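K.L.:
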Amino acid sequence: MAALLAPQGVGDASALVILEPSGKDVGAGGAGTPAAAEALADLANTVPAAAATFLDTGGTYDDLWDFVLRSAVPTGPAGDPARVTLANLVNDNRADFELMARARMGSVGDLYHPVLAEPADWLSEQGWTSASFRVGGHDPNPAPSPGVQIPHELPELEWRLIAARENIQPQRLWQEPELAAADRIQTETFADPDRVVDVTAKVAPAVTDTPSGVELSFQYRVIGLQRPWLRAHLCQLKGWAIPGLPAGRLSNGMAEGNPGILPVLTTRMLVVRNLAAKAHWSDTDRARAASAETLALGPFTLAGADRDGSVLTRQAPQVVAWLAAVLPACPPGEANDADTPAALGKVVSRGPLTVRSDHTTKAAMVGSLNAGQTVALACKVKGEPVDGNTVWYRLGQDPRGWAAARYIKNLGPVPPCPAP
Numbered sequence: 001m002a003a004l005l006a007p008q009g010v011g012d013a014s015a016l017v018i019l020e021p022s023g024k025d026v027g028a029g030g031a032g033t034p035a036a037a038e039a040l041a042d043l044a045n046t047v048p049a050a051a052a053t054f055l056d057t058g059g060t061y062d063d064l065w066d067f068v069l070r071s072a073v074p075t076g077p078a079g080d081p082a083r084v085t086l087a088n089l090v091n092d093n094r095a096d097f098e099l100m101a102r103a104r105m106g107s108v109g110d111l112y113h114p115v116l117a118e119p120a121d122w123l124s125e126q127g128w129t130s131a132s133f134r135v136g137g138h139d140p141n142p143a144p145s146p147g148v149q150i151p152h153e154l155p156e157l158e159w160r161l162i163a164a165r166e167n168i169q170p171q172r173l174w175q176e177p178e179l180a181a182a183d184r185i186q187t188e189t190f191a192d193p194d195r196v197v198d199v200t201a202k203v204a205p206a207v208t209d210t211p212s213g214v215e216l217s218f219q220y221r222v223i224g225l226q227r228p229w230l231r232a233h234l235c236q237l238k239g240w241a242i243p244g245l246p247a248g249r250l251s252n253g254m255a256e257g258n259p260g261i262l263p264v265l266t267t268r269m270l271v272v273r274n275l276a277a278k279a280h281w282s283d284t285d286r287a288r289a290a291s292a293e294t295l296a297l298g299p300f301t302l303a304g305a306d307r308d309g310s311v312l313t314r315q316a317p318q319v320v321a322w323l324a325a326v327l328p329a330c331p332p333g334e335a336n337d338a339d340t341p342a343a344l345g346k347v348v349s350r351g352p353l354t355v356r357s358d359h360t361t362k363a364a365m366v367g368s369l370n371a372g373q374t375v376a377l378a379c380k381v382k383g384e385p386v387d388g389n390t391v392w393y394r395l396g397q398d399p400r401g402w403a404a405a406r407y408i409k410n411l412g413p414v415p416p417c418p419a420p
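With our numbering, the residue at position 89 of the sequence shown is 89, and numbering never jumps.
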């Protein structure tokens, strides 16, 4: 797959090829429509783990980058020119981030950030290239090699029966420290619990009676991905931190052993269509292809494939692999702030949530939070009830102030605020 995603070679240890455990359908909607833009953003803004197989971390690039831009603070001394560089970059990126937000269709107050595809008409009929290869078995009269070959490093293809994606249940990723050993409670939850997938359901055990030899042919296209609202070179700068977030927690800069919440940035995707798999299928194989909800052969999905004798065909386009760039170690440092966040939360209001100067609705407004935004929470107190909930959170980020807990879903335990 690397030869198709990067014909000139990867050439960089910080690049990573990530295979789908089962190809993701991308539909055939026309490019340039609002629905197509939203669908591409949902597909390409998913943050994968730094691994050979696509494992959904539960986070999205726009949600996490919003958190970075709102929380980054300089750590250098006053008057350091690096502080000016950092401030200019963050402010410019924040302006682009807010300007490029788009409203979701049929969902008031819910925003997403588009991903630009290159070419823009990537689902058109033109621009596709043919490829074919054989895995396993023995061919006494091999055909001449095609112009483009997939390297032999491709894992041995095996049948896998995979649970339907809509039935996969979420899992939580946050870790809670021992209270007795914690000087200040800090959770490390940055995934959206509503999006995290159970990767054990995706990477299902292989079925043992795979055909001895499979000939695969398809048309493919490599799509470049750009996110102009995400200026990743922020991670190249020194002299900044995110309060409450350890250095390197976004990414440790490594292609292997990188547990960061934003370890890689996908830059290309490999889309195939008109997939044909030829083999000596057994009756069991044919029954499996006809009945399985999701059927994968290597990174290719054959669910719903048509059968004509010894050939299974599937015309619909699907994403089978990604090229990703490993983010440098980021953030570079840690902050020491009296308002160091103890946890993160997610705004669940229908519209903007008002931030006030005190824990009452009568206090002055100092800012607002967007619906769906991830926010840093420093501590909590009891204040004026809001729909029966008396808890108010002190924010550990700008805008500094108080927000009603009724409209924030905390993603970890939040300690009480110190007595005044």
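Glycine included, each C-beta is placed from N, C-alpha and C at the ideal position.
Treat the numbers as computed from the prediction; the structure is a model and nothing was measured.
Taking 8 Å as the cut-off, does the segment 235 to 244 touch the segment 59 to 78 (at least 3 CB pairs, one atom from each stretch)?
P.N.:
Touching, yes.
K.L.:
Are the CB atoms of M105 and P114 nearer to each other than 9 Å?
P.N.:
Mapped onto the sequence shown, residue 105 falls at position 105. Mapped onto the sequence shown, residue 114 falls at position 114. No.
K.L.:
Restricting to runs no shorter than 3 residues, where is the beta strand (DSSP E) found entirely within the segment 38 to 110?
P.N.:
Whole beta strand (DSSP E) segments, 3+ residues: 46 to 48 and 56 to 60.
K.L.:
Does T284 come out as helix, strand or coil in the three-state DSSP assignment?
P.N.:
Translated into the one-based positions of the sequence shown, residue 284 becomes position 284. Helix.
K.L.:
If you run the structure through DSSP and keep just helix, strand and coil, what is P140?
P.N.:
Locating residue 140 in the sequence shown gives position 140, where the first residue counts as 1. With a pLDDT of 48 at P140, under the threshold of 50, the predicted position of this residue should be treated as unreliable, and no value is reported.
K.L.:
By the 10 Å Cβ neighbour count, where 16 or more other Cβ atoms means buried, how is S349 classified, buried or exposed?
P.N.:
As a working mapping, residue 349 is identified with position 349 in the sequence shown. Per the 10 Å Cβ criterion, buried.
K.L.:
Exposed or buried, which one is L157 when buried takes at least 16 other CB atoms within 10 Å?
P.N.:
For the purposes of this step, residue 157 is taken as the residue at position 157 of the sequence shown. Residue placement at L157 is flagged as unreliable, the pLDDT there being 49, under the threshold of 50; a coordinate-derived value is accordingly withheld.
K.L.:
According to DSSP, is C330 helix, strand or coil?
P.N.:
In the sequence shown, the residue the question calls residue 330 occupies position 330. Correct three-state label for C330: strand.
K.L.:
Look at G333 and K238 and say whether their C-beta atoms are less than 9 Å apart.
P.N.:
Taking the sequence shown and counting its residues from 1, one reaches residue 333 at position 333. Taking the sequence shown and counting its residues from 1, one reaches residue 238 at position 238. In contact: G333 and K238 (Cβ atoms closer than 9 Å).
K.L.:
Using alpha carbons as the reference points, say which of G367, D306 and D66 lies closest to D358.
P.N.:
Along the sequence shown, read from residue 1 onward, the residue named residue 358 stands at position 358. Of G367, D306 and D66, the residue nearest in Cα terms is G367.
K.L.:
Please state the DSSP three-state secondary structure of P415.
P.N.:
Along the sequence shown, read from residue 1 onward, the residue named residue 415 stands at position 415. Coil.
K.L.:
Return yes when the Cβ of L64 is within less than 9 Å of the Cβ of L262, no when it is not.
P.N.:
Translated into positions along the sequence shown, residue 262 becomes position 262. Translated into positions along the sequence shown, residue 64 becomes position 64. Cβ distance < 9 Å, so L262 and L64 count as in contact.
K.L.:
If you follow the beta strand (DSSP E) that A403 is in, where does it begin and where does it stop?
P.N.:
On the sequence shown, residue 403 is found 403 positions in, with the first residue counted as 1. Here the beta strand (DSSP E) through A403 covers W402 to A404.
K.L.:
For V272 and Q219, I'd like the C-alpha separation in whole angstroms.
P.N.:
If you number the sequence shown from 1, residue 272 lands on position 272. If you number the sequence shown from 1, residue 219 lands on position 219. Distance between the alpha carbons of V272 and Q219 is about 5 Å.
K.L.:
A277 to S310, Cα distance in whole Å?
P.N.:
Here residue 277 refers to the residue found at position 277 when the sequence shown is read from its first residue. Here residue 310 refers to the residue found at position 310 when the sequence shown is read from its first residue. About 8 Å.
K.L.:
Is P385 helix, strand or coil when you go by DSSP?
P.N.:
The residue labelled residue 385 in the question sits at position 385 within the sequence shown. Strand, per DSSP.
K.L.:
Identify, in the order they occur along the chain, each residue of the same chain with its Cβ nearer than 6 Å to the Cβ of V386, setting aside the five sequence neighbours on each side.
P.N.:
Along the sequence shown, one-based indexing puts residue 386 at 386. Within the same chain, V386 has close Cβ partners A404 and R406.
K.L.:
Grab me the residues of C330's own chain with a C-beta within less than 6 Å of its C-beta, minus the 5 sequence neighbours each way, in chain order.
P.N.:
Counted from its first residue, the sequence shown places residue 330 at position 330. Here the set comprises C235, L250 and S251.
K.L.:
Mind checking whether P396 and V108 have CB atoms under 9 Å apart?
P.N.:
Locating residue 396 in the sequence shown gives position 396, counting from the first residue. Locating residue 108 in the sequence shown gives position 108, counting from the first residue. Here the sequence assigns Gly to residue 396, which means Pro is not the residue at that position. Not closer than 9 Å, so no.
K.L.:
Could you tell me whether the Cβ atoms of V375 and V347 are closer together than 9 Å?
P.N.:
If you number the sequence shown from 1, residue 375 lands on position 375. If you number the sequence shown from 1, residue 347 lands on position 347. Yes.
K.L.:
Should E20 be labelled buried (16 or more other beta-carbon atoms within 10 Å of its own) or exposed?
P.N.:
On the sequence shown, position 20 is the one that residue 20 refers to. By the neighbour-count rule (16 or more Cβ atoms within 10 Å), E20 is buried.
K.L.:
Strictly by DSSP, which residues pair up with Q226?
P.N.:
Residue 226 sits at position 226 when you count from the first residue of the sequence shown. In DSSP, Q226 forms a bridge with L116.
K.L.:
Report the three-state DSSP secondary structure of A35 (helix, strand or coil).
P.N.:
As a working note, residue 35 is residue 35 in the sequence shown. Correct three-state label for A35: helix.
K.L.:
Work out the CA separation of A325 and L55 for me, nearest whole Å.
P.N.:
Start at 1 with the first residue of the sequence shown, and residue 55 comes out as number 55. Start at 1 with the first residue of the sequence shown, and residue 325 comes out as number 325. In a straight line, the C-alpha of L55 is about 16 Å away from that of A325.
K.L.:
Just to confirm the assignment, what range does the beta strand (DSSP E) spanning A232 have?
P.N.:
In the sequence shown, counting from the first residue as 1, residue 232 sits at position 232. Note, A232: premise wrong, no beta strand (DSSP E); not H, not E.
K.L.:
Nearest CA to the CA of A296: which residue from A2, L4, L5 and D25?
P.N.:
Residue numbering aside, residue 296 sits at position 296 when the sequence shown is read from its first letter. Measuring from the Cα of A296, the nearest candidate turns out to be D25.
K.L.:
Going by DSSP in three states, E188 sits in which element: helix, strand or coil?
P.N.:
Numbered from 1 along the sequence shown, position 188 holds the residue referred to as residue 188. The predicted position of E188 is uncertain, since its pLDDT is 41 and thus under 50; no value can be drawn from it.
K.L.:
At which residues does the beta strand (DSSP E) containing A3 begin and terminate?
P.N.:
Here residue 3 corresponds to residue number 3 of the sequence shown, with the count starting at 1. A3 -> not in any beta strand (DSSP E); alpha helix (DSSP H) instead, spanning A2 to L5.
K.L.:
I need the boundaries of the beta strand (DSSP E) containing S425, first residue and last residue.
P.N.:
The shown model of the chain, from 1 to 420, leaves out residue 425, and the question about it has no answer.
K.L.:
Go through its chain and collect everything with a Cβ distance to D110's Cβ below 8 Å, but skip five positions before and after it.
P.N.:
Stepping through the sequence shown from its first residue, residue 110 is reached at position 110. Here the set comprises A103, R104, A371 and G372.
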